Amino acid sequence: MHRVSLLRLRPHALNKPLHICLRTSLRTTAKPSLSVPLLSALGFTHVDKKKAVRIGSREVPATPSEIEYAETHVKSKYTIVRICQAIVRFLDDWLLEPIMTIRRLAHILVLFIPVASTVPIIFFGQKVENDDTAGTIWWYDFLATQMERAGPTFIKLAQWVASRTDLFPLALCARLSKLHSNVDPHPFSYTKQVLEEAFGRPLDQVFSDLDPVPLGVGAIAQVYKARLRPGVLLDHPEEKFTLQENIITSDSVQTLDRDGNSVVLHTAVAIKVLHPKARQIVQRDLIIMNYCAKILTLIPTIQWLSLPDEVRVFGEMMKEQLDLRGEAHNLQRFNQHFKDSLNVKIPKPLLAFTTKDMLMEEYERGIPLDVFLKQASWAREFDVQGVFDHKIADIGLNAFLHMLIFYNFVHADLHPGNIMVEFYKPSAHHPLRSAWSKLIGKEVKDDGELAVNRVLAVKDDPTALQRELEQLQLEGYSPRLVFIDTGLVNELNQVNRRNFLDLFQAIAQFDGYKTGELMVERCKSPELVIHPDVFALRMQNLIIGLKQNTFHLGAVKIGNLLHETMNMVRSHHVRLEGDFVNIVVSIMLLEGIGRQLNPDLDLLKNSLPVLRDYSIKEGGKKALENMKDPQLNSGHWIKVWIFLELRNYLGRNTRDEEWLQLCDILCPNN
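So in this note's numbering, spot 1 of the sequence shown is number 52, and the numbers just go up one at a time.
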C-alpha cells in the first residue's frame, strides 16, 4: 500500500509530471490510505500539466481523481516489463478483439436477419396509425423487440433513434422510446472491487452503510445508496463544503471539523458504477454499426440520412456516457446555474471521489413525477382540483427555459423517470431565520423528508393521496423538483442556437414561409432537400392555420406545432443538426408532461417572465448593441421578448376581430 507524504511534497514538485513526483514522494506504510487515483484530492492539482480531459467530443476540467496512475502516467523502469505489456496490448488489439467482434457480429446477425427478411410486410394491411399500415406497425414492434434483445448499446441506439423524429417515422419513434434495459445487475463483488481500488482501503473504513442491492440497473451502469463516514469528508475539505448543509435532515450528521467547529454534513450518497467490460462491448457494437451504416448508405433512397455521420454522433454520445466524469461535471454546472433556486435541486457531485468507472453524488430521496401525473389524471376524471399540479408544471417549465435561454446548457433526457418531487417549507430557508439560528447556536430543521415519506406511504391510494397533499399545502409546504441522470446535455453552437431562435421568433410572429426558407438554407444538406419551395409553403400554411385559430397567447400549443414541423422535415429530407432536434424534442416532451398536470399550460406565456429577467440581466446598452448585431444571440431573445409582450398586451386589450387585423399588420404573410 502506498501513501503520499504531504510533508515531502515541495511547491515546485506540483508542476512536475506525476511519475517524477511519485519517485520522490511515495513511501510504503502499513496504514490504510487513499490510493493514487485520489492524490489530487490531497494537493495534486497540476498533474502532468493537464488542465482538462476529453470526454467524447468535448473537454471538461480535470477532476481531483483524474490521475490514472497505472494506465497513463507511470511507466515501468524495467524494459522487459514494458515489452511484455506491449505484446499483451498487441495481442489484445489485433487478435482477441477482432475475434470477439466477429462473435458479436454473429449474434447480431442472428437477431436482425429475421428483421430484414420481414421488411416486405410493411406493404400489407390497412392504414391504422399515422398513415402507417398494420404490417408496418407489426414490423416496428418486431424491430423494437429485437433491439431490446441485442443488449445495452442497441437499447441506447433505440432511445436515440426515438429522439430523432426529424429522421424516422413517428410510430417507430414512439415504440423505441418505450424500450428499457433488461440487463441483469452485475455482482456486488465487482462493485466492491471498483470501490476498494479507488479508495485504497476496505469499504467499512469509507462507508458506515452500503446497501449491496442496487437502487436501479441501467444499460451501462447501476446505482447504489451508501453513507460516507464523516471522517472521509473531513479529510477532504473541498468535499466537506460540497455536502455541508444549513438544515438538519435524516441524512445529515452533526460533527466537529478539524478546527473544532460544528458542521452539518450530508453523508447519504448515490454511487453509480459502470458494468464490467461495458466499454469493450459498446466499442465492438459501434464498429459493427459503422460498417452497417456504410453498407446501407449504398441504397439511394436513404443516402440523405447520412447514416455514417449519425453513427459517429451516436458513438460520441455513448463515449460521453461511458465516462462518468462527464456526468459529474454536468452536475456541477447545473448546481452552479441553480444555486440560488429553492424549488429546483440538482444532486451535488463529489469530484474527489469520481473516476471514469464510478460516480459519487449526493443522494436525494424524492417522489417520482409519475405519481403526480397519475394523480392529476385521477383528479380530472373525478373533477377534483389538483393541489400542487400547476405549481409543479410551472417549476419544471421555468427550469427548462432557464437552461435554454440563460445558460444554453439543457438536460437532454427530461422524461418523468429523471424528475422527482420533494417538499420543503420556505420559512425554514428564510435568510433571517438562518441568521437567527446561527446567532443562538441552534440548527434549523426541515421535515421535508417526512413529507416525502407521508406521500410515498399513500401513493397507491388516490383518495388518501389527495387528502395528504391538501394537508401538506395547509402546513405550508411547497414542491421542489429534483433533476437526476445528467449524463446527456445539449449545448447549441452559434449556428444551431441562431436557427432555434429564428424558429421561435417566427412562431411568435406567425411568419411561416421565412421559417421554412431558413430551415432549408441552414440544414446540413440543402442540396438533398426535396421541393424546398413546397416545404416553405407548407410551413406558411401551418403558421397561418395557427394564426387564424388562435386569438390569445394561452391557446398556442407549441408541442403540436413542432410535432407537425418534424413530420414535414422528415418528408422533405431537411436534415437538421442533432442538438437542434434534441432541443425541439425536449420542448415537445416537457410541454406534454406539463399539460398532463395543467391542461392550460402555455410555453410561450411562461417564457415571458424568463425573457424579462434575461433582458434585465443583459443590461440596457449591451442589449441594444446586441440587437443591432445579428451575429450575437442575446439580442434575438430580447426581440422575441418584446414581440411576445406586445402580443400578450394586445391579446388582452382587443377583441378577436381586431386581434386578427393587428396580427396581419404586425406579421404580414407576404
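Just so you know, even glycine gets a beta-carbon here, dropped at the ideal spot from N, CA and C.
Source: prediction; values computed, not measured.
Counterpart residues of residue i in DSSP-defined beta bridges
i       : result
Gly-267 : Val-274
Thr-184 : Lys-178
Ala-137 : For Ala-137, which the question treats as bridged, DSSP gives no partner whatsoever.
Ala-321 : Lys-276 and Glu-412
Tyr-475 : Ser-529
Asp-260 : Arg-278
Phe-385 : Paired residues: none, contrary to the question.
Ile-418 : Val-472
Phe-534 : Ile-470
His-326 : According to DSSP, His-326 bridges with nothing at all.
His-462 : Val-540
Lys-396 : Val-533
Residue closest to residue i, alpha-carbon to alpha-carbon, out of the options
i       : options                               : result
Arg-621 : Ile-644, Arg-589 and Ile-594          : Arg-589
Pro-419 : Glu-568, Asn-469, Glu-413 and Asp-584 : Asn-469
Asp-536 : Ile-271, Glu-199 and Thr-196          : Ile-271
Glu-542 : Gln-210, Phe-460 and Lys-396          : Phe-460
Pro-467 : Gly-610, Gly-417 and Phe-389          : Gly-417
Gln-545 : Asp-630, Thr-405 and Glu-432          : Asp-630
Asp-440 : Arg-431, Phe-451, Ala-427 and Leu-448 : Ala-427
Leu-218 : Gln-244, Thr-616 and Thr-406          : Thr-616
Asp-408 : Gln-387, Pro-327 and Leu-347          : Pro-327
Asp-584 : Gly-538, Arg-280, Arg-215 and Leu-569 : Leu-569
Val-283 : Ile-172, Tyr-275 and Gly-251          : Gly-251
Gln-334 : Arg-376, Lys-323, Gln-436 and Arg-363 : Arg-363
Val-580 : Leu-347, Val-540, Val-268 and His-623 : His-623
Pro-650 : Gln-244, Asp-445, Thr-130 and Ser-214 : Asp-445
Pro-238 : Ser-168, Val-324, Arg-278 and Ala-195 : Val-324
Thr-514 : Thr-406, Gln-387 and Lys-425          : Lys-425
Ala-379 : Gly-366, Leu-539 and Pro-149          : Leu-539
Val-533 : Tyr-475, Ile-667 and Glu-578          : Tyr-475
Ala-249 : Glu-361, Thr-405 and Asp-562          : Thr-405
Leu-356 : Arg-626, Asn-657 and Gln-372          : Arg-626
Tyr-414 : Lys-399, Gln-197 and Tyr-342          : Lys-399
Met-368 : Ala-403, Asn-657, Thr-348 and Arg-330 : Arg-330
Ile-667 : Gly-643, Asn-504 and Phe-457          : Phe-457
Ile-644 : Leu-662, Gln-522, Leu-516 and Leu-465 : Leu-465
Phe-205 : Ala-403, Pro-281 and Val-234          : Val-234
Ser-529 : Thr-196, Thr-184, Ile-397 and Leu-393 : Leu-393
Leu-194 : Thr-216, Phe-163, Lys-510 and Gly-366 : Phe-163
Exposed unless 16 or more other CB atoms sit within 10 angstroms - verdict on residue i
i       : result
Ala-508 : exposed
Thr-582 : According to the sequence provided, residue 582 is His. The question's Thr does not apply to it. Answer is exposed; the Cβ neighbour count stays below 16.
Ser-240 : exposed
Cys-574 : buried
Cys-224 : buried
Pro-351 : exposed
Val-170 : exposed
Lys-82  : Below a pLDDT of 50, predicted positions are generally treated as unreliable, and Lys-82, at 36, falls in that range; no measurement from the model is reported.
Lys-229 : exposed
Val-264 : exposed
Lys-178 : exposed
Asp-255 : exposed
Ile-634 : buried
Thr-79  : Note that Thr-79 scores 35 on pLDDT, short of 50, meaning its location in the model is unreliable; the coordinates nonetheless yield the value given after this. Thr-79 is exposed by the Cβ-count criterion.
Arg-140 : exposed
Gln-647 : buried
Lys-390 : exposed
Arg-531 : buried
Tyr-129 : exposed
Pro-681 : With a pLDDT of 48 at Pro-681, under the threshold of 50, the modelled position of this residue cannot be trusted, and the question is left open.
Val-632 : buried
Ser-478 : exposed
Lys-100 : Interpretation of Lys-100 is limited by its pLDDT of 43, a score under 50 that renders its predicted location unreliable; the figure taken from the coordinates is listed afterwards. That one is exposed.
Ile-716 : Since pLDDT at Ile-716 reaches only 48, below the 50 mark, its modelled position is unreliable, and the value read off the structure follows with that caveat. With fewer than 16 Cβ atoms within 10 Å of its Cβ, Ile-716 is classed as exposed.
Leu-613 : buried
Ser-168 : exposed
Arg-154 : exposed
Contact belief for residue i with residue j at Cβ below 8 Å, rounded distance in angstroms
i       : j       : result
Lys-345 : Pro-359 : 6 Å
Ile-172 : Trp-145 : Contact flag wrong, Cβ pair sits at about 42 Å.
Gly-567 : Phe-586 : 5 Å
Leu-227 : Val-212 : 5 Å
Validate contact between the region 147–166 and the region 195–202 using beta carbons, cut 8 Å, 3 pairs: yes
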